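J.: Plus 117 on top of the position in the first sequence (first one is 1) and you've got the numbering used here.
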Amino acid sequence: MGRLALTGMKKRAESAGGEEDEDALGSPLPQDFFARDSRAVAEELLGATLVSTVGRRLTAGRIVETEAYLGANDPGSHASTRGVTERNRVMYGRPGTIYVYFTYGMHHMLNLVAEREGEAGAVLIRAVEPIAGIDVMVDRRAGRAGPELTNGPGKVAQALGVDLDDNGTLLGEGRLSVREPVAPPDDETGVSGRVGLSQGHGLPLRYYLVDNPYVSRAKPGRRIPKGRASGAQGRGHDRETR
DNA sequence: CCTATGATCCGCT
DNA sequence: GCGGATCATAGGG
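1) Can you find the residues in the same chain that come closer than 7 angstroms, C-beta to C-beta, to leucine 314, ignoring five residues on each side of it along the sequence?
2) Can you say whether alanine 237 is buried or exposed, counting buried as having 16 or more other CB atoms within 10 angstroms of its CB?
3) Return the Cβ separation of glycine 250 and alanine 335 in integer angstroms, given the expectation that the two are a contact with Cβ distance under 8 angstroms.
4) Output the boundary residues of the beta strand (DSSP E) element that contains arginine 340.
5) Taking the C-alpha atoms as reference points, what is the distance between alanine 157 and serine 333?
6) Using only the alpha-carbon positions, how far apart do methionine 254 and arginine 211 sit?
7) According to DSSP, proline 247 sits in a beta bridge with which residue or residues?
8) For leucine 294, which residues in the same chain have their Cβ closer than 7 angstroms to its Cβ, ignoring the five residues on either side in sequence?
9) Using the DSSP secondary-structure output, state which residues sit across from histidine 195 in a beta bridge.
10) So, with DSSP's three-state summary, where would you put glutamate 160?
11) Go to isoleucine 299, then tell me how far its alpha helix (DSSP H) extends in each direction, as first and last residue.
12) Return the first residue and the last residue of the alpha helix (DSSP H) that glycine 271 is part of.
13) Tell me where the beta strand (DSSP E) around phenylalanine 219 begins and ends.
14) Grab me the residues of lysine 127's own chain with a C-beta within less than 8 angstroms of its C-beta, minus the 5 sequence neighbours each way, in chain order.
15) With 16 other CB atoms within 10 Å as the buried threshold, where does proline 342 fall?
16) Strictly by DSSP, which residues pair up with arginine 323?
17) Short of 7 angstroms in beta carbon distance, which residues of its chain neighbour phenylalanine 151, apart from the five on each side in sequence? Order them along the chain.
18) Given a threshold of 16 other Cβ atoms within 10 Å of its Cβ, counted over all protein chains shown, does threonine 202 qualify as buried or as exposed?
19) Measure the Cβ-Cβ separation of valine 171 and glycine 285 and say whether it is below 7 angstroms.
20) Starting from methionine 226, follow its DSSP beta bridges and name the residues at the other end.
21) As a quick exercise: from Gly310, Lys272, Ile215, pick the residue whose alpha carbon is nearest that of arginine 292.
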């Protein structure tokens with residue numbers, strides 16, 4: 118929970134488009150990173166930095182909560198059973214593509230496409246810890262501050278200015294990019310069922326940094342032993358209450 | 001602290 | 001028409 122917050126970020130981003138300041142946030146994750154099993158991508162995105170330059174304003178946050186969405190076998194996924202549709206076709210596209218959809222008549226959901234071309238898979242960004250451009254985020258979030266700023270998928274999209282214009286674009290080529298973790302994440306990772314689904318909520322596909330204050334909500338989960346690869350198996354009786 | 005409910009569009013059946 | 005990978009608010013304990 119090191120406060121690496123770059124509080125005094127110069128407002129040069131507004132005039133220059135943010136290029137210089139962006140580079141200080143770390144090197145972009147390679148495309149290969151996303152060309153893997155959605156669960157591995159979801160787990161390893163924890164600690165990475167999500168950067169937005171929407172509206173020529175730089176905002177960035179550390180990813181602290183994700184969910185994996187799979188293909189036909191996943192009843193909670195937009196790519197479940199039914200085939201390719203206008204909305205979900207991005208999920209079948211190139212790894213590293215941004216998938217944004219609009220729901221509940223008012224919220225945008227930000228996902229990053231995984232797996233490989235032709236196979237559906239994506240990772241929902243559920244929560245981030247603000248790193249840069251906090252004043253901008255507060256503005257976009259109607260004055261809210263603290264965890265309320267970005268502790269939910271709709272809040273993340275709003276704070277970073279993400280909308281349907283980003284849908285189908287590639288990370289690094291548009292207004293969004295993801296950077297390698299600044300420091301090795303020493304936080305423990307937890308896994309639990311996904312949030313808000315009517316189907317498929319039992320599958321352990323939600324990943325989060327244990328005890329991070331920006332994680333959206335407590336849910337029964339288990340801790341992943343340090344150094345282990347993505348563990349989708351096994352059920353624990355641990356409670357992650359907070 | 002908690003649970004309940006309304007808001008408000010669009011994609012899909 | 002229905003219901004949603006949600007959020008903010010109102011109300012009760």
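Note that beta-carbon positions come from the ideal geometry of N, C-alpha and C, so glycine has one too.
Note that the structure is predicted; figures quoted are calculated from it, not measured.
T.: Concretely, from the data shown:
1) Gly193
2) buried
3) Glycine 250 to alanine 335, Cβ: 28 angstroms. No contact.
4) 338-340
5) 20 angstroms
6) 29 angstroms
7) Gly178
8) Residue identity check: residue 294 is serine in the sequence provided, not leucine. Cβ neighbours of serine 294 beyond the five flanking positions: Pro145, Val168, Leu288.
9) According to DSSP, which records beta bridges pairwise, histidine 195 is partnered with nothing at all.
10) helix
11) The residue asked about is misnamed: residue 299 is valine in this sequence, not isoleucine. Unbroken run through valine 299: none, as it is neither H nor E.
12) 270-277
13) 215-220
14) Because lysine 127 sits at a pLDDT of 39, beneath the cut-off of 50, its placement in the model cannot be relied upon, and the point is left open.
15) exposed
16) Glu184, Ser309
17) Val158, Pro212, Gly213, Leu229, Val230, Ala231
18) exposed
19) no
20) Tyr218
21) Ile215
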